[in-house]
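Novice: I have a structure here, written as structure tokens, and I will follow up with some questions on it.
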DNA sequence: GTGGAATAGTTGTCTATACCAGTTATATAT
DNA sequence: ATATATAACTGGTATAGACAACTATTCCAC
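Protein chains in written order, with the numbering used here: chain A, 2 to 241; chain B, 2 to 241.
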């Protein structure tokens, strides 16, 4: 499970290992995880390295420590993610609705000037352009257009683009998403919007543009969404 | 400066020391701080201990590291606050605009059912109801109505209500604001909105409702704002 | 039973050291 | 002067070991 010769740092390998154990349910909510010395012994690594992995998971909210007792799996990652970057799917699930989507188009195109600027790439660099209608409980909720640099996420196809992009990036490319910016504005539907969202021209709509960044501040996704204002309201919690 | 016999951990002492250097301006924004090895040498402590202190300050946003170059003082605690709870005034200032406001009314009224629910008080408990027009560079930007429980912030008057409520609460009542939730939706202007915001009926508007909480999760302010969509766009950064 | 000591487990703090991987200044060769 | 190695810095990762602080249990004396 741990490869000492991998260029991936050991502590990061251990993080992923423990995360996986949590997500697959092998380590359950509220349960104690093995002690630091035990991890060190089992994987033949130093306790300080184990601590580095566990520290990060504590900071990310996966675990909590209790001096003298042990380290425990936190309950509900969901609530923490809610305070920030939720995908449409997660967002709808958290509202008790059933999300689905219809793929309208999947293209690889050269980036225009504005898209290139937002994604910090050169003009005409290749990007995926993926258009979807997002549905909640079967009814149209939003029209979404995503732009993703091909260079960063190669091998995206019409088939696998339906899976969670975030999971793909974190697990297969072992990159992690650190930050996102959103811009939200109000507008009114034009004829195109009205048709796809099944509303009337002049009805209010919510435009949301999100840019998601990797650890190093590299943008990897630009999503422009048009929501039906009568069905969707953006909810958001800030801490500190 | 560092006391090895103190019950306070060394890394924490060092954190406070560095923080102080930053806050007193001895270490300036963007400047390099001494290297880890230098701290270790000067204070005769281990480099790992220095790293523990610096790690924490990095996580708290005081410092940023750059491999091969050094560790730098982050600029502006303000910007971090911007990622979250900004008042209209701060928001506009950060956009390079000149904010002002016109008080429309200042009342103490019994809370209606919904307001009471949001503020977690009883129906008919007294609340301040403060209506303002918010201007940016002299032009109407938003219509704002704030509801504040009298019990939590007694002594608010038409005069001092113009000052920063947040500062007042943090400094005079020594309470601290920990969290806020926002709900954002799109709508279209009715005749009232159109008149106060100097736009046309049917123009798009952005409705923002914010509830701010004290440390203990006690709501102390409910603000409902109506923004001109042609002039205002909600911008928001999420981390992690 | 109650209190206290001993014990074995946990995380927390700290040291000393080593090597790796970027960055920058400096010396050297051309 | 201009390249180009090289050395000397930086933070990043990892080791091994030590003691402190805290928790839980067990056992024993009272």
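Where a beta carbon is used, it is the ideal one built from N, C-alpha and C, also for glycine.
Computed from a predicted structure; not experimentally measured.
Of the choices 195(B), 52(B), 133(B), whose alpha-carbon is the least far from that of residue 204(B)?
Specialist: Here residue 204(B) corresponds to residue number 203 of the second chain, with the count starting at 1. Nearest of 195(B), 52(B), 133(B) to residue 204(B), Cα basis: 195(B).
Novice: Measuring straight from C-alpha to C-alpha, what distance separates residue 76(A) and residue 62(A)?
Specialist: Position 75 of the first chain, counting from 1, holds the residue named residue 76(A). Position 61 of the first chain, counting from 1, holds the residue named residue 62(A). So the two alpha carbons sit approximately 9 angstroms from each other.
Novice: Can you check whether the CB of residue 149(A) is closer than 8 angstroms to the CB of residue 157(A)?
Specialist: Stepping through the first chain from its first residue, residue 157(A) is reached at position 156. Stepping through the first chain from its first residue, residue 149(A) is reached at position 148. Closer than 8 angstroms, so yes.
Novice: Measure the C-alpha to C-alpha separation of residue 39(A) and residue 55(A) and round it to an integer number of angstroms.
Specialist: Stepping through the first chain from its first residue, residue 39(A) is reached at position 38. Stepping through the first chain from its first residue, residue 55(A) is reached at position 54. Between residue 39(A) and residue 55(A), the C-alpha separation is close to 13 angstroms.
Novice: At 3 residues or longer, and completely inside the region 5 to 89 of chain B: list those beta strand (DSSP E) runs for me, N to C.
Specialist: DSSP runs (the beta strand (DSSP E)) wholly in the region 5 to 89 of chain B: 64 to 67, 71 to 74.
Novice: Can you tell me the Cα-Cα spacing of residue 230(A) and residue 144(A), whole angstroms?
Specialist: On the first chain, position 229 is the one that residue 230(A) refers to. On the first chain, position 143 is the one that residue 144(A) refers to. Approximately 12 angstroms between the Cα atoms of the pair.
Novice: Whole angstroms is fine: what's the gap from residue 120(B)'s alpha carbon to residue 154(A)'s?
Specialist: Sequence index remark: in the second chain, residue 120(B) carries index 119 (1-based). Sequence index remark: in the first chain, residue 154(A) carries index 153 (1-based). Rounded to whole angstroms, residue 120(B) to residue 154(A) spans 45 angstroms at the Cα level.
Novice: Is any beta-carbon of chain A found at less than 8 angstroms from that of residue 236(B)?
Specialist: For the purposes of this step, residue 236(B) is taken as the residue at position 235 of the second chain. Output row for residue 236(B): interface = yes.
Novice: CB-CB under 7 angstroms to residue 23(B), same chain, minus the five flanking residues each way: which ones, in chain order?
Specialist: The residue given as residue 23(B) occupies position 22 in the second chain. These residues qualify, in order along the chain: 63, 74.
Novice: Just to make sure I have the definition right: I need the residues of chain A whose C-beta is within less than 7 angstroms of the C-beta of residue 205(B). Which are they?
Specialist: On the second chain, residue 205(B) is found 204 positions in, with the first residue counted as 1. Ordered by position in chain A, the residues that pass the 7 angstroms Cβ test against residue 205(B) are 187, 188, 189, 205.
Novice: By how many angstroms is the C-alpha of residue 34(B) removed from the C-alpha of residue 20(B)?
Specialist: For this step, residue 20(B) is matched to residue 19 along the second chain. For this step, residue 34(B) is matched to residue 33 along the second chain. Answer to the nearest angstrom: the Cα atoms are 11 angstroms apart.
Novice: Mind checking if residue 120(A) is an interface residue toward chain B, Cβ cutoff 8 angstroms exclusive?
Specialist: Indexing the first chain from 1 puts residue 120(A) at position 119. Residue 120(A) does not count as touching chain B.
Novice: Using a Cβ-Cβ distance under 8 angstroms, would residue 183(B) count as near chain A?
Specialist: Here the question's residue 183(B) lines up with position 182 in the second chain. Closer than 8 angstroms: yes.
Novice: Can you round the beta-carbon distance between residue 134(B) and residue 197(B) to whole angstroms, since I take them to be within the 8 angstroms contact cut?
Specialist: Taking the second chain and counting its residues from 1, the one referred to as residue 134(B) is at position 133. Taking the second chain and counting its residues from 1, the one referred to as residue 197(B) is at position 196. So it is a contact: roughly 6 angstroms between Cβ atoms.
Novice: Given a cut-off of 8 angstroms on the beta-carbon distance, is the pair residue 228(B) and residue 93(B) in contact?
Specialist: Position 227 of the second chain, counted from the first residue, corresponds to residue 228(B). Position 92 of the second chain, counted from the first residue, corresponds to residue 93(B). In this structure, residue 93(B) does not lie closer than 8 angstroms to residue 228(B) by Cβ.
Novice: Can you tell me which of 72(A), 13(A), 49(A), 206(A) puts its alpha carbon nearest to the alpha carbon of residue 29(A)?
Specialist: To locate residue 29(A), count along the first chain from 1; it is residue 28. Of the listed residues, the one whose Cα sits closest to residue 29(A) is 72(A).
Novice: Following the continuous alpha helix (DSSP H) through residue 195(B), name the residue where it begins and the one where it ends.
Specialist: Translated into positions along the second chain, residue 195(B) becomes position 194. Where residue 195(B) is concerned, the enclosing alpha helix (DSSP H) stretches over 192 to 198.
Novice: From the DSSP secondary-structure annotation, give me the bridge partner or partners of residue 148(B).
Specialist: Residue mapping note: residue 148(B) aligns to position 147 of the second chain, counting from 1. Beta-bridge pairing links residue 148(B) to 130(B), 223(B).
Novice: State buried or exposed for residue 152(A), treating a residue as buried only when at least 16 other CB atoms are found within 10 Å of its CB.
Specialist: Taking the first residue of the first chain as position 1, residue 152(A) is located at position 151. The residue in question, residue 152(A), is exposed, as its Cβ has fewer than 16 Cβ neighbours within 10 Å.
Novice: With a CB to CB cut of under 7 angstroms and the five nearest residues on each side skipped, what residues in its chain are close to residue 199(B)?
Specialist: Locating residue 199(B) in the second chain gives position 198, where the first residue counts as 1. Here the set comprises 141.
Novice: Note the first and the last residue of the continuous beta strand (DSSP E) segment covering residue 116(B).
Specialist: Stepping through the second chain from its first residue, residue 116(B) is reached at position 115. Counting along the chain, residue 116(B) falls outside any beta strand (DSSP E), though it belongs to the alpha helix (DSSP H) covering 114 to 120.
Novice: Below 8 angstroms on the Cβ atoms is my guess for residue 213(B) versus residue 202(B); work out the distance and round it to an integer in Å.
Specialist: Taking the second chain and counting its residues from 1, one reaches residue 213(B) at position 212. Taking the second chain and counting its residues from 1, one reaches residue 202(B) at position 201. Wrong, their Cβ atoms sit about 32 angstroms apart, outside the cutoff.
Novice: If you check the beta carbons only, do residue 237(B) and residue 25(A) fall under 8 angstroms apart?
Specialist: Residue 237(B) sits at position 236 when you count from the first residue of the second chain. Residue 25(A) sits at position 24 when you count from the first residue of the first chain. No, Cβ-Cβ distance for residue 237(B) and residue 25(A) is not below 8 angstroms.
Novice: Going by DSSP, what residues sit across from residue 229(A) in a beta bridge?
Specialist: Within the first chain, numbered from 1, the residue matching residue 229(A) stands at position 228. Note: residue 229(A) sits in a beta bridge opposite 206(A).
Novice: Roughly how many angstroms lie between the CA atoms of residue 96(B) and residue 111(B), to the nearest whole one?
Specialist: Position 95 of the second chain, counted from the start, is the residue given in the question as residue 96(B). Position 110 of the second chain, counted from the start, is the residue given in the question as residue 111(B). Roughly 36 angstroms separates the two Cα atoms.
Novice: For residue 10(A), verify whether its CB is less than 7 angstroms away from any heavy atom of the ligand ZN.
Specialist: You won't find the ligand ZN in this model; it holds no ligand whatsoever.
Novice: 8 angstroms is my cut-off, CB to CB: does residue 28(A) come that close to chain B?
Specialist: As a working note, residue 28(A) is residue 27 in the first chain. Closer than 8 angstroms: no.
Novice: Give a yes or no on whether the minimum CB-CB distance between residue 227(A) and chain B is below 8 angstroms.
Specialist: Sequence index remark: in the first chain, residue 227(A) carries index 226 (1-based). Chain B, which has no Cβ nearer than 8 angstroms to the Cβ of residue 227(A), makes this no.
Novice: Against chain B, does residue 104(A) count as a neighbour if the rule is that its beta carbon must be under 8 angstroms from one of theirs?
Specialist: Numbered from 1 along the first chain, position 103 holds the residue referred to as residue 104(A). Not an interface residue.
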